[in-house]
Structure formats: structure tokens, C-alpha cells
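Notes to accompany the following structure.
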Amino acid sequence: MHFKLPANERLQFLAGQYIDFLLKDGKRRSFSMANPPHDDQLLELHIRHTPGGFFTDQLFSNYRGREILRLEGPLGSFYLREEGDKPLVFVAGGTGFAPIKAIIEHILYHHLPREMVLYWGVRTLADLYLPHLPSAWQQQHPNFTFIPVLSEPRVGDAWPGRTGFVHNAVVTDFPNLSGYQVYACGGPAMIETAKRDFTGVCSLPPDEFFADSFTYAAETEASRSTS
């Protein structure tokens with residue numbers, strides 16, 4: 014989904030940060046911005062409709078494009094550390110692709126000399142909702158590699174690629190991460206397991222692991238905590 018700010022207003026943010034929608038009942042819903050800072054005419058958010066979730070039910074059922082929504086941002090410390098030159102491993106789970114997309118597009122736009130590998134983990138092929146975009150990055154930029162991973166491929170998917178948990182694919186491919194930076198975004202279980210295995214098994218320095226962990230509110234809609 015795309016959201017337009019009031020006329021002549023721009024949101025200054027770092028690629029990877031998020032915003033909070035402020036609801037009338039005082040609650041908040043957090044969503045990462047999928048657009049990079051240089052492309053800020055519209056805010057791009059990757060929002061999954063969660064049946065039974067108050068906010069997303071309203072958004073997908075009643076939203077007509079002219080409603081005024083209150084927001085706060087930018088928020089979060091999940092953004093690219095540009096001072097280094099280490100190669101980058103990105104690990105996205107589901108819509109955790111959103112902030113990672115913003116970071117990658119920022120890197121490509123500014124021609125930053127960083128080697129990049131993106132692992133995007135989803136359950137089925139249908140959940141890989143923008144497959145052609147990272148595939149195009151891989152074709153156009155020799156410093157970028159895209160590895161999609163399906164954890165529960167359906168028979169009809171006829172999936173020839175990687176399967177299993179996305180963090181395990183990284184461990185298999187990178188037994189030594191001591192010279193890398195890792196940016197991971199997804200559910201808390203994936204983030205916790207990835208940090209444990211990358212630092213404990215693959216020798217990733219703990220201060221080179223950056224994560225945006227999606228947690229879940231009582232109404233089953235996503236919020237996040239950043240580390």
C-alpha cells in the first residue's frame with residue numbers, strides 16, 4: 014500500500030526505519046517503510062491482511078484512499094551502518110522484506126560498494142509477493158545475490174529452489190560470518206534463532222547483527238521491537 018503525506022510535507026528517515034499509525038483508541042500499529050529515502054513522495058508499506066485484526070480489517074475493507082490517518086515517525090534503529098565496507102547478508106521473513114527492500118534500494122541508488130546476499134524466507138510460493146524485484150536486482154547488479162527459501166512449499170508450487178528455515182540456509186552457505194554484517198527482519202523466533210546460530214556457530218560478531226523483530230499484539234496485528 015502507498016500513503017501520501019500532506020502537501021509540501023516530507024518525512025525525513027533512514028532506510029529501514031518504521032512509522033506508527035496512531036489509532037483512535039490510543040493503540041498503535043507499526044509498519045516499516047519499504048521505500049528508500051530518495052523516493053519519498055509516497056510512503057510504501059507492505060501490510061498483510063490479518064483476519065480478525067482491527068486495524069487491517071478496517072484498512073482492507075473500508076479504506077478508500079481519502080481517509081486521514083495519524084502517524085508518528087520515523088522510529089527505530091534498524092538502518093544501514095554506512096561507515097563500514099563489510100559484505101552484507103540480509104535475512105527477511107515474510108513482510109520483513111519491507112525494510113530490507115528500502116535498505117537495498119538505498120545502497121543501489123547511491124552505488125555503495127557493498128557485496129550483498131538476500132535470503133527471503135516465506136512459507137509457500139504465493140507468499141513470495143515481489144519475487145521479480147530482487148530477481149531484477151540480481152540480473153542488473155553483480156554485487157547482489159537473491160536466494161528465496163520456502164519452508165512449506167505446496168505440491169503445486171513445483172519449487173526447485175531452497176527449502177527449510179531461512180536462517181538455516183544462511184548457516185549452510187556461510188559457516189564463517191566473522192567478516193560480515195547481518196541485517197535480519199521477521200518474527201521473533203526467527204530473529205532469536207538467527208542471532209544465536211550466527212554468533213554462536215558462524216562466528217558473527219554480536220555487534221554486527223542488526224534486527225527488526227516483529228511481535229504480535231493481542232488482536233494478532235504486527236508490531237515490532239528493534240535491536
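Numbering (my numbering), first residue to last: 14 to 240. For each residue, glycine too, the CB sits at the ideal point set by N, CA and C.
In terms of alpha-carbon separation, which member of the options lies closest to residue i?
| i | options | result |
| --- | --- | --- |
| tryptophan 137 | Phe178, Val195, Cys215, Asp33 | For the sequence presented, residue 137 should be read as threonine rather than tryptophan. Selected option, being the one with the closest Cα: Phe178. |
| leucine 121 | Arg23, Phe187, Leu101 | Leu101 |
| leucine 131 | Leu146, Arg61, His123, Asp140 | Leu146 |
| tyrosine 92 | Asn48, Pro161, Thr206, Arg61 | Asn48 |
| aspartate 225 | His59, Gly109, Leu58 | Gly109 |
| serine 148 | Tyr142, Phe159, Arg209, Ser216 | Phe159 |
| histidine 123 | Phe26, Trp133, His51 | His51 |
| tryptophan 150 | Lys114, Trp172, Asp33, Val184 | Lys114 |
Per DSSP, residue i forms a beta bridge with which residues?
| i | result |
| --- | --- |
| cysteine 215 | Partner(s): none; cysteine 215 has no beta bridge. |
| proline 161 | Trp133 |
| leucine 46 | It should be pointed out that residue 46 corresponds to methionine in this sequence rather than to leucine. In the DSSP output, where bridge partners are listed per residue, methionine 46 has Leu58. |
| arginine 83 | Leu35 |
| valine 195 | Val102, Phe222 |
| leucine 88 | Tyr31 |
For residue i, which of helix, strand or coil comes out of DSSP?
| i | result |
| --- | --- |
| arginine 41 | strand |
| histidine 51 | coil |
| glycine 122 | The sequence given here has tyrosine at residue 122, not glycine. Correct three-state label for tyrosine 122: helix. |
| proline 166 | coil |
| lysine 99 | coil |
| arginine 175 | strand |
| arginine 209 | helix |
| isoleucine 113 | helix |
| histidine 15 | strand |
| glutamate 234 | Because glutamate 234 sits at a pLDDT of 40, beneath the cut-off of 50, its placement in the model cannot be relied upon, and the following sentence gives the value as read from the coordinates. Coil at glutamate 234, not helix or strand. |
| leucine 146 | helix |
| glycine 200 | coil |
Would you grab the beta carbon distance between residue i and residue j for me? Rounded to a whole angstrom, and I think it's under 8 Å.
| i | j | result |
| --- | --- | --- |
| aspartate 53 | arginine 83 | That belief does not hold up - the Cβ atoms of aspartate 53 and arginine 83 are roughly 19 Å apart, past 8 Å. |
| asparagine 156 | glutamate 118 | Not confirmed; about 14 Å, so no contact. |
| serine 45 | alanine 111 | 4 Å |
| tyrosine 31 | glycine 86 | 7 Å |
| leucine 58 | phenylalanine 103 | Not confirmed; about 19 Å, so no contact. |
| alanine 6 | alanine 197 | Nothing can be reported for residue 6: it is not among the residues displayed for the chain, which extend from 14 to 240. |
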